[in-house]
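**Student:** In mature numbering (1 follows the signal peptide of the UniProt record, and there is no 0), the protein residues as written are -18 to -1, 1 to 215.
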């Protein structure tokens, strides 16, 4: 019994400690209503501005959720959702969203895309940045604030706080380099994040110091497995 309790204690430490995920990716191998990654934020309450950046690769043609932030009263408080190829939905607050045209990745494998989403409460302006290039800015939920407890998931769209998943909205592919800030990054800062050059990691979510939980069929693996290491690329 004492050995079992000690094992559970060690498991709790492992699950609760931050990890440097540099060079790692989350792989979502198949359509599912139970596979997701829960990310623990470094701060909550009174978030008035947001920048979220991540890299992903997918070959899905249907809708899929990249990043879902819910509060107990707003299940789409901040959602980045691939509506269909070429259209990304940025949803902020109770009901407001913008469907934004984005250029498609070059047809090389894997189809990696770097995406950043920014939003400012005072103006309501939201914008996407695809591979370091900004889209048009759109007005979404001016004056809204993230002033409650937040739940952040990769790979599923929350239809209530922490649940309500649908397999036909699930993500299939790879996700990496997730950062979130409680302020809007400048264009030069976003380009720096895209190029992985001299940028300040997220203060809400930091890929280099991340607390996370894997649920269902999700694999954390080294990005080196995606490439030839012998020099014969």
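Ideal placement from N, C-alpha and C gives every residue a C-beta, glycine not left out.
With DSSP as the reference, identify every bridge partner of residue 203, one or two as the case may be.
**Tutor:** Looking at the DSSP assignment, residue 203 forms a beta bridge with 7.
**Student:** Look at residue 18 and residue 200 and say whether their C-beta atoms are less than 8 Å apart.
**Tutor:** Going by C-beta atoms, residue 18 is nearer than 8 Å to residue 200.
**Student:** Take the Cβ of residue 96 as the centre, count every other Cβ of all protein chains shown within 10 Å, and call the residue buried at 16 or more, exposed below.
**Tutor:** It counts as buried.
**Student:** Work out the CA separation of residue 31 and residue 161 for me, nearest whole Å.
**Tutor:** Distance between the alpha carbons of residue 161 and residue 31 is about 14 Å.
**Student:** What does DSSP give as the partner residues of residue 17 in its beta bridges?
**Tutor:** DSSP, once it has assigned bridges, lists no residue as partnering residue 17.
**Student:** Buried or exposed for residue 190, please, with buried defined as at least 16 other CB atoms from any protein chain shown within 10 angstroms of its CB.
**Tutor:** The residue is exposed, with fewer than 16 neighbouring Cβ atoms inside 10 Å.
**Student:** Do you know whose CA, among 36, 164, 93, lies nearest residue 43's CA?
**Tutor:** The shortest Cα separation from residue 43 among 36, 164, 93 belongs to 93.
**Student:** Give me whichever residues DSSP pairs with residue 71 in a beta bridge.
**Tutor:** Per DSSP, 63, 81.
**Student:** What does the alpha-carbon distance come out to for the pair residue 86 and residue 194?
**Tutor:** Their backbone Cα atoms lie some 30 Å apart in a straight line.
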